[in-house]
């Protein structure tokens, strides 16, 4: 392997939270949200690893080579035949861990973008390569695609690997995420979804997924019908009764509420800012579980990396 020549380069990385599935778009649709993990990564002149984490997960994440950002960086360096230098990682996280807001996907994307920035001018890692590497690390592209590219993304796999299409979201769509104080394992949640479903349920979700694209990009007034699902949420409800209760209560009041990713957070796709405040009032009145409401916007840029010292985009 070739050793990185430009040691002591420092890059700043910013990656948004994401919500996958959005109801019917199981393992396909994802939305970037305006909550960010921000990192400064510096290549050191000598071997070693320094990790400083603040914010979400600071007391829980590892501070050695098993840290997901570091593992993702190492994966990228190995993929392009370069030896990773010593690293100083300073991370401030705002994306909750284990809540269905794409924290692991964000960490994967952050590590890959940091590697891209440190290797700039020596090796180019393009968008297709970033998506491929991120999908290999994460296992599926529905979270990493919006984390990389922003906006609403449709992700799929073909003979050439992971693919995506980014769409702009109608300005009337106003996301709101209710975050609980408990977590949910993505692996456990995925295991609760059946491998086979009735044909009529599959057809139902195909129609709702198609409608959801129209609702998010052109017609927010259709969001209630467009967020109906029969493939995964009902099967996972047993593991997240409080989440299921909140989704049902919100939908009964006319709010387009879905499980965010694998849960347990709840995403409301409101068709205007005022509706979010009404949804927050409903959530506070219908359940004993404390939910933190996060009024967010759709992130349109996705993950970014720039030279930390000069401010130039890498």
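Residue numbers (my numbering): 140 to 453. Where is the CB? At the ideal position from N, CA and C, for every residue including glycine.
Which residues does DSSP pair with residue i in a beta bridge?
| i | result |
| --- | --- |
| residue 318 | 431 |
| residue 293 | 168, 304 |
| residue 338 | DSSP, once it has assigned bridges, lists no residue as partnering residue 338. |
| residue 155 | 175 |
| residue 231 | 177, 193 |
| residue 226 | 182, 188 |
Just the C-alpha distance for residue i and residue j, rounded to the nearest angstrom, thanks.
| i | j | result |
| --- | --- | --- |
| residue 368 | residue 294 | 18 Å |
| residue 171 | residue 245 | 10 Å |
| residue 198 | residue 357 | 42 Å |
| residue 450 | residue 407 | Its pLDDT being 44, under 50, residue 450 is placed unreliably by the model, and the measurement read from it follows with that caveat. Taking the straight line from one Cα to the other gives about 35 Å. |
| residue 335 | residue 343 | 14 Å |
| residue 433 | residue 276 | 28 Å |
| residue 447 | residue 223 | 18 Å |
| residue 278 | residue 372 | 20 Å |
| residue 513 | residue 445 | The structure shown does not extend to residue 513, since the chain is modelled only from 140 through 453, so no value can be given for it. |
| residue 361 | residue 280 | 26 Å |
| residue 191 | residue 238 | 22 Å |
| residue 204 | residue 188 | 8 Å |
| residue 149 | residue 233 | 21 Å |
| residue 415 | residue 194 | 25 Å |
| residue 165 | residue 382 | 17 Å |
| residue 144 | residue 270 | Note that residue 144 scores a pLDDT of 41, beneath 50, so its modelled location is shaky; the value from the coordinates is reported in the next line. Taking the straight line from one Cα to the other gives about 26 Å. |
| residue 173 | residue 340 | 33 Å |
| residue 392 | residue 417 | 10 Å |
| residue 324 | residue 413 | 32 Å |
Using a 10 Å radius around the Cβ and a threshold of 16 neighbouring Cβ atoms, would you call residue i buried or exposed?
| i | result |
| --- | --- |
| residue 338 | exposed |
| residue 215 | buried |
| residue 453 | Residue placement at residue 453 cannot be trusted, given a pLDDT of 43 that sits under 50; what the coordinates show is reported in the next sentence. The residue is buried, with at least 16 neighbouring Cβ atoms inside 10 Å. |
| residue 266 | exposed |
| residue 251 | buried |
| residue 387 | exposed |
| residue 424 | exposed |
| residue 435 | buried |
| residue 159 | buried |
Between residue i and residue j, is the Cβ-Cβ spacing less than 8 Å?
| i | j | result |
| --- | --- | --- |
| residue 258 | residue 221 | yes |
| residue 375 | residue 397 | no |
| residue 155 | residue 286 | yes |
| residue 439 | residue 289 | yes |
| residue 272 | residue 243 | no |
| residue 282 | residue 400 | yes |
| residue 212 | residue 254 | yes |
| residue 320 | residue 249 | no |
| residue 389 | residue 421 | yes |
| residue 303 | residue 355 | no |
Under the assumption that residue i contacts residue j (Cβ atoms under 8 Å), give the Cβ distance between them as a whole number of angstroms.
| i | j | result |
| --- | --- | --- |
| residue 229 | residue 182 | Between residue 182 and residue 229 the Cβ distance is about 13 Å, and since that is not below 8 Å, they are no contact. |
| residue 226 | residue 180 | 6 Å |
| residue 284 | residue 169 | 6 Å |
| residue 163 | residue 348 | 5 Å |
| residue 241 | residue 157 | 3 Å |
| residue 315 | residue 409 | 6 Å |
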